[in-house]
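Residue numbers (UniProt numbering): 1 to 189.
A virtual CB, placed ideally from N, CA and C, is assigned to each residue, including glycine.
Since the model is a prediction, treat every value here as computed from it, not as a measurement.
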Amino acid sequence: MAGSETTDESLIASYLRGDMGAFDRLYRRHDRKTFAFVRQMLHPTDRATVEDLHQDGWLAVASKAASFSPGKARFSTWLYTVMRNQVLDHLRARQARPGGDDEVDPDGLVSGVLAPERALAEKRLVLAVERELLALSVEQREAFLLFTVVEMSLAEIADVTQAHPETAKTRLRYAREALRHRLQGWRDG
Numbered sequence: 001m002a003g004s005e006t007t008d009e010s011l012i013a014s015y016l017r018g019d020m021g022a023f024d025r026l027y028r029r030h031d032r033k034t035f036a037f038v039r040q041m042l043h044p045t046d047r048a049t050v051e052d053l054h055q056d057g058w059l060a061v062a063s064k065a066a067s068f069s070p071g072k073a074r075f076s077t078w079l080y081t082v083m084r085n086q087v088l089d090h091l092r093a094r095q096a097r098p099g100g101d102d103e104v105d106p107d108g109l110v111s112g113v114l115a116p117e118r119a120l121a122e123k124r125l126v127l128a129v130e131r132e133l134l135a136l137s138v139e140q141r142e143a144f145l146l147f148t149v150v151e152m153s154l155a156e157i158a159d160v161t162q163a164h165p166e167t168a169k170t171r172l173r174y175a176r177e178a179l180r181h182r183l184q185g186w187r188d189g
């Protein structure tokens, strides 16, 4: 972060003192990555569900802001812990419902204006990656997404997932190996 840029920790403290603009800055700063994290953790599902859960996660961040303790963790670690808990609660509730699988809406999740052949090939690759991510265990998927999408360190992943650092490292390694193996056809062909 640049020296003149306000830290996340300062922004959350300002929000707790009543500065709504500080919360807006936090949201804008982390919105894309938190959305990508929620989307990948939930896929396949419709975009509306992802958007709703992402928004619910940010509402939880706002309501639980006072529980953030700068001495215990970085803001981003706390943020992704809140988001992760929202996703896990949703997954548990979905499993508890009979026929709990959400409908797949890949057109709502994959977009782009490309040449038709290239667009189709890229869409198929995206769907293959998302399918293989979903085939991973929840623990491996979240470790992979926190590392690749959110760009967290292994120590931060361990904090968010409440796992031993070696466990986080192992989950990430297994996720990478599984994806590399399952997607080998795309790399070779």
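For residue i, the three-state DSSP class (helix, strand or coil)
i	result
S14	helix
F144	helix
K72	coil
L136	coil
V149	coil
Spatial distance of residue i from residue j (CA atoms)
i	j	result
T6	S63	22 Å
V126	R25	30 Å
L133	A65	31 Å
I12	E139	28 Å
D102	G18	Any reading at D102 must be qualified, since the residue scores a pLDDT of 44, below 50, and its modelled position is unreliable; no value is offered.
A128	D8	35 Å
residue 190	Y80	Outside the displayed span of the chain (1 to 189) sits residue 190, for which this structure offers no information.
Residue span of the alpha helix (DSSP H) that contains residue i, given as start and end
i	result
F23	M20 to L42
E51	R47 to S63
A181	It should be pointed out that residue 181 corresponds to His in this sequence rather than to Ala. Segment P165 to R182, the alpha helix (DSSP H) holding H181.
Buried or exposed by the 16-neighbour rule on C-beta atoms within 10 Å, applied to residue i
i	result
R32	exposed
R124	exposed
E142	buried
Residue i: CB within 6 Å of a non-hydrogen atom of the ligand FAD
i	result
V126	The ligand FAD is absent from the structure shown, which contains no ligands of any kind.
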